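Protein chains in written order, with our numbering: chain A, 3 to 176; chain B, 5 to 394; chain C, 15 to 392; chain D, -15 to 219. Ideal placement from N, C-alpha and C gives every residue a C-beta, glycine not left out. Since the structure is predicted, the reported quantities are computational estimates derived from the model, not experimental observations.
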Amino acid sequence: MTPEITFWVLAFIAVCGALVAVVRRNLIHGVFALMIFFAALAGLFLLLLAEFIAAVQILVYIGAVGILLLFAIMLTERVTGDDGRSIAARGWFWGLAAAVAVFVFLLLPAIQEADLPESAQSIQPSVKELGLKLMAPYVVTLEVLALLLTAALIGAVAVAQGAEVNKKEDSDDA
Amino acid sequence: MSFELVVAILIATVPLLVIFPSLFALTTWLERKALARIQNRRGPNKVGIPCTRIGLFGLGQPAADGIKMLFKEDIVPNGADRLFHLLAPILALIPAMLVLCFLPLDFSFVAVWDESIAKDIKAVQGFALDGAVIFFFAITGINTLSVFMAGWASRNKYSLLGGMRAIAQMISYEIPLVLSAVVVVMMVGSLNAKEIADAQMGWNWYVFTPWGLAAFIIFFIAALAETNRSPFDLPEAESELIAGYFTEYSGFKFALFFLGEYISMFAISGLAAVLFLGGGEGPWVAVYPWLAVGWFLAKIFSLIFVMIWLRGTLPRLRVDQLMAFAWKFLLPISIINILISGIAWHLREQGAAVTAGVWGVSLGILYVTAVGLNKLNRANVKPREYKYAE
Amino acid sequence: MVAPNYELIEQDGLETSLLEVSMGPHHPSTHGVFRMDVKLDGETVVDLKPVFGYLHRNHEKLAENMSYLANMPFTDRLDYFNSMTNNWAYALAAEELVEIEVPERAEYLRVIMAELTRLVNHVSLVGFFVNDLGALGTPLMYAFREREKILDLFEEASGARMMCNYFRFGGLRCDVPAGWLDRAREVVDQFPKFLDEYEKLLCENEIILSRTQGVGTLSRELAINAGITGPMLRASGVAYDLRKVDAYGIYDRFQFRVPYGEVGDCYDRFMVRMLEMRESVQILKQALDGIPEGEIMGKAPRVFKPKPAEVYGRVEGPKGELGFYLIADGTPKPYRYRVRPPSLINLTVLRDMCLGQKIADAVVILGSIDIVLGEVDR
Amino acid sequence: MSFLGGGIFSGMAVTLRNFVGSYFDPDRLTTNDYSWRPEGQLPQSAGEYPREEGEQLSDATTVTNYSRNFPMLLHDGGDNPMDAIRCVACQICERECPPQCIYIEKDYGEDGKFIKRPAVFDIDVSVCMSCQICVEVCPFDAIVMNSQFELSTPNRFDGLLLRREDLLKSNGYYHRIHPEEAAQRDQRMAEEKAAKEAKKKAAAEAAKKKAEEKARAEAEAKAQEETGDKEEEAQ
């Protein structure tokens, strides 16, 4: 009984958050609505007793992705969306059709075929299990991912450094 | 939902919601008093019991401040985003309060009359979660958003600068914070706050090991930055940005920010106590289990006193120095620390000689790394000799 | 440093606009009603315009409309930290007009008062400076404790703590009360102990070192060209001190040294002041030992009516060269009266020092200049 | 900097020493407890601020014997202070006052003759800057500095405008608040008075002598005249 109510409340919040994120012209409001959606999603994960995923959802999506979005938005002009430029989509009918088509042909069969248990079961102890899995069978994947991320990080540093070096050269010329 | 469960939930949560906000009041008094004494002033000493001349060392000051805050006009700047301006202080408080439940404050001794309720309490306590420490870091991260929200919604340049500073600072210092906690998590092999505290029973506190000490220092420094305490109080740098992101806040909204900040301080000090200082461990805890809560709070308060002491002593860093300190000093040293603790973990229980050797070598490596990084980062900064003209 | 021409920075195809912040007139660390119009690129200062004049009180014109003596209390209020040295500079100028001999005891007391003033100014300036760096007032409170002791001495001697109005043309208003010299000696003897503590608190602090070194560097050439004086000039490497150069009063009788820096950054300015305090203590000890008994006022005319002349009297104030320029026309009022305020002239290089630094540094640099808006705006 | 973070630790040692020291060593405290009422009571309302003379003297730490605040007018005692007021309304202080906060009107008797005392003597203490120039220029030692500093008032216009009656204080009060200065001033006044009297005496004697001489001369002249007359008569 209680979990169901909680589910519906969280689902409602999530849907509302997602809608506001799409509809609001004010980018900052949109980002925060998106974060509400993320938070509600984390709540849904908790409801499924997947606490680690919930924590990661908050940590990564709210703590990192959201902030990254905010940073990106802060670098742009007209965050409040006060200007009169119209961004209303014109071919909304075809968009809707495409969305419905995706839902009907991909998601619906998946939902129907999935064999969900009546109530969620916790994996005891979930985090430890996950850690062991990551370290034993999936260690190669993990390492490759780590390598990829390190490469990306170094690349980012190189890009940032490059800009600085260019600037220095410019100022030397001047 | 049974009645017993409701009682259990209430017992598990209400003390947190009562104790910490009242401790907040006490801490504001303590901070003002301690800062005053550090600065050779008297601090609040007049406000005591109303309508009498009993001063009570100024203990009535927090109440008076609270009343003042409540009755102050709430001003929203013209052109500010009213909704976000309102939401920001609330958003600052929610995660701060939320993370408190991940501190192993066990109030099950309250339910002496019913064994089953005591059991239920243990079942609903947040720190018993398997990923309590991870949850702690995840939810503290939300704090950043509230600061940004406040800075952006105030439509004030100082606020905006403060908000931007806060985001950069909080993100940067979250990394050393988490990495230093990783050392303890590795040692214990669990993310459960209760298990981490229990693993340190018998004075095996992690702060008494070289890697634990290094991790503790890094954790404490990063915690100062996470809670915007001096010397990392750049987002609210008074001499530069008036009051940073809460420049435009007054009245109770400001009080909420203040409350959130102090609760975060409690929470992060509590986590430091759990990770490095043995949680609620202390003398006579075995005899009187409720003493664990007392010891835990005592540890929190001693950490907070150090924070106040630092605030009374140090000037603040500059933005670039702050970032350099996080990325070029704390981050490398905490990664090396993780490496060392991993090796130490593998060499554990191999006799006293090996342990002593590991300790000595790790202490040496950590110190040399710290000195080397310091030399590397601050090559030109040193005291100078001065000449005199006759 | 040449100011880069930023209006809209274009970099890698990205256009960034500058953030203009008007710091002041009421800002916690502008040391009064002073405004800095700052243009920021992120947190870096790309342009800075100092705006002042909010505290203008028409000081010079006022002085031209009242008697020479009546202007003395107004000089207190120029640089309200250093009323004694302000008095002295004005008295020097006026004494030159009518050529009054100042008695020996008065000369000694003048030196004592001036050096005590220097201690007051430097010790609180260092406190304010570290406050600008972000310390929560602790050094300032320690400084104020010591300042309080010296202000008590001023109060006993002159009746007021800050607006002393103690100097007169030809001497001092009154002699110091009995036992004052012993109390002064006690304060002066205690002072080095406090300085030790102060240095221990501040001078080796890593955060202060990295916040101040290499920040706001003022080159020797620019300092000389801009007419900078006082500790700021000495920090830039010019050992120029009017107490040595002019040897006004009886400064030639005392043994003291003039510390000077080499780099000219905020750290040098801060340290030069710290070291100057030790030298002031030396002067004070010598003066307190050598002070004779005797008259306190020279033979000044009862009605001050100088013959037409032009004079310039200057002293080494704690903030720099403080000068008073007087033109007398034979009436009891000066025909022209002009102040050379060290604060204002030292402030003129603020922009040059701040460009390219962070906004937090701009505050620190302003603090290291040591201005008092009462003197800047007059 | 002997070791890493040494400067920070030595700074923390200083602050800790001050923290502990402030409890044991009252000399360390920057501020003192501000309580100037004799019984240590604080005023409960604006009207309770001290108006009586001497009331502010209870605290030795904030008002020293040497402090000055605003001017007061001296009288030499007696039942009616206005009879013994030293001020003669010469208006020198009014002219010399740098911020021009003194306003004086001369007193005229019923017969329209100038009585040597002020009818109105106002000092606007919201303007006064406590510079003491008026004290220095006064040739009659009639105006001196009071050290009463607690002048808070609920009325910022009349309350801060001190009238002649507010300013009048006895010489005894002056002796109580500034004993050394008052003694010096009295001594100097006595000396001046003595000198003046001596001068007067001398002058009187000289005048007497002169008068005598004049009388003698006159007598001689008269005698001469008489003789002349006689001579004339004789002629």
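So what does residue i bridge to, in DSSP terms?
i          : result
Tyr274(C)  : Lys391(B)
Ile(-8)(D) : In DSSP, Ile(-8)(D) forms no bridge with anything.
Asn130(D)  : Phe54(D)
Gly145(B)  : Note: Gly145(B) sits in no beta bridge, so no partner.
Thr251(B)  : In the DSSP output, where bridge partners are listed per residue, Thr251(B) has none listed.
If the cut is a Cβ gap below 8 Å, which residues of chain D does residue i touch?
i         : result
Ala38(B)  : Phe3
Ala374(B) : Leu(-12)
Lys214(C) : Ser(-6), Gly(-5), Ala(-3), Val(-2)
Within the continuous beta strand (DSSP E) that includes residue i, where are the two ends?
i         : result
Ser26(B)  : Premise fails: Ser26(B) lies in the alpha helix (DSSP H), 7 to 42, not in any beta strand (DSSP E).
Leu104(B) : Run containing Leu104(B): none; DSSP gives neither H nor E here.
Glu52(D)  : First, the amino acid is wrong: residue 52(D) is Arg here, not Glu. Neither: Arg52(D) is in no beta strand (DSSP E) and is coded neither H nor E.
Tyr87(D)  : 86 to 92
Phe98(D)  : 98 to 108
Leu83(C)  : Unbroken run through Leu83(C): none, as it is neither H nor E.
May I ask which residues mark the beginning and end of the alpha helix (DSSP H) holding residue i?
i         : result
Lys198(B) : 197 to 203
Met190(B) : 161 to 192
Ile117(D) : 117 to 121
Phe300(B) : 295 to 317
Lys299(C) : 280 to 304
Glu169(C) : 152 to 172
Arg79(D)  : 76 to 80
Val125(C) : 118 to 147
Mark residue i as exposed unless 16 or more other C-beta atoms lie within 10 angstroms of its C-beta, in which case mark it buried.
i         : result
Pro163(D) : exposed
Val390(C) : buried
Asp11(D)  : exposed
Lys7(D)   : First, the residue type needs correcting, since residue 7(D) is Tyr and not Lys in the sequence shown. That one is exposed.
Ala138(A) : exposed
Pro356(C) : buried
Pro123(D) : exposed
Pro54(B)  : exposed
Asp9(D)   : exposed
His41(C)  : buried
Gly38(D)  : The pLDDT assigned to Gly38(D) is 46, lower than 50, so where the model puts this residue is not dependable; a value taken from the coordinates is nonetheless given after this. Exposed.
Leu36(A)  : buried
Thr231(C) : buried
Thr213(B) : buried
Gln25(D)  : Bear in mind that a pLDDT of 46 at Gln25(D), under 50, signals an unreliable position, so the model cannot answer this.
Asn208(B) : exposed
Name the chain B residues that come within less than 7 Å of residue i, Cβ to Cβ?
i         : result
Arg12(D)  : Asn44
Val129(A) : Asp134, Gly135, Leu195
Just the chain C side, please: which residues come within less than 8 Å of residue i by C-beta, in chain order?
i         : result
Met129(D) : Gly173
Could you tell me which chain C residues have their CB closer than 7 Å to the CB of residue i, listed as they occur along the chain?
i         : result
Arg172(D) : Near Arg172(D) there are no residues of chain C at all, since even the closest Cβ is about 12 Å away, more than 7 Å.
Tyr50(D)  : Glu169, Glu170, Gly173, Pro191
For a contact meaning CB atoms closer than 9 Å, what does residue i contact in chain C?
i         : result
Cys115(D) : Ala84, Met86, Pro87, Phe88, Asp90, Ala174, Met177, Asn179
Check the Cβ of residue i against every Cβ in chain B and list those closer than 8 Å, keeping chain order.
i         : result
Phe54(A)  : Asp134, Gly135, Ile138
Gly275(C) : Arg388, Tyr390
Give the interface partners of residue i over in chain A, defined as CB-CB distance under 7 Å, in chain order.
i         : result
Phe152(B) : Leu72
- [ ] May I ask you to list, following chain order, the residues of the region 70 to 83 of chain D that have a beta carbon less than 8 Å from some beta carbon of chain C?
- [x] Within the region 70 to 83 of chain D, the residues whose Cβ lies closer than 8 Å to some Cβ of chain C are Glu80, Cys81, Pro82, listed in chain order.
TODO: Return the residues of the region -12 to 0 of chain D that lie within a Cβ-Cβ distance of less than 9 Å from chain B, sorted by chain order.
DONE: Under the 9 Å Cβ criterion, the region -12 to 0 of chain D contributes Leu(-12), Gly(-11), Gly(-9), Ile(-8), Gly(-5), Met(-4), Val(-2), Thr(-1), Leu0.
TODO: Give the residues from the region 133 to 164 of chain D that approach chain C closer than 7 Å (Cβ to any Cβ), ordered along the chain.
DONE: Cβ contacts with chain C: Glu164.
Open item on the list: Residues of the region 300 to 320 of chain B in Cβ contact with chain C at a cutoff of 8 Å, in chain order, please.
Closed with: For the region 300 to 320 of chain B, the beta-carbon criterion of a distance under 8 Å to any beta-carbon of chain C is satisfied by Arg315, Gly316, Thr317, Leu318, Pro319, Arg320.
Open item on the list: So if I threshold CB-CB distances at 9 Å, which residues from the region 64 to 79 of chain A count as touching chain B?
Closed with: So the list reads Ile64, Gly65, Ala66, Gly68, Ile69, Leu72, Phe73, Met76, given in the order they occur along the chain.
Task: Positions along the region 375 to 392 of chain B whose CB lies within less than 8 Å of some CB in chain C - done: For the region 375 to 392 of chain B, residues whose beta-carbon sits nearer than 8 Å to a beta-carbon of chain C comprise Arg382, Asn384, Val385, Lys386, Pro387, Arg388, Tyr390, Lys391, Tyr392.
Task: Proximal residues, the region 235 to 267 of chain C versus chain B, C-beta separation under 7 Å - done: The residues in question are Ala253.
- [ ] Could you list the residues in the region 159 to 175 of chain B with a C-beta less than 8 Å from some C-beta on chain D, going in chain order?
- [x] Correct list: empty, as no residue qualifies.
- [ ] Determine which residues of the region 90 to 110 of chain C have a Cβ less than 9 Å from any Cβ of chain D, and write them out in chain order.
- [x] Result list: Asp90, Arg91.
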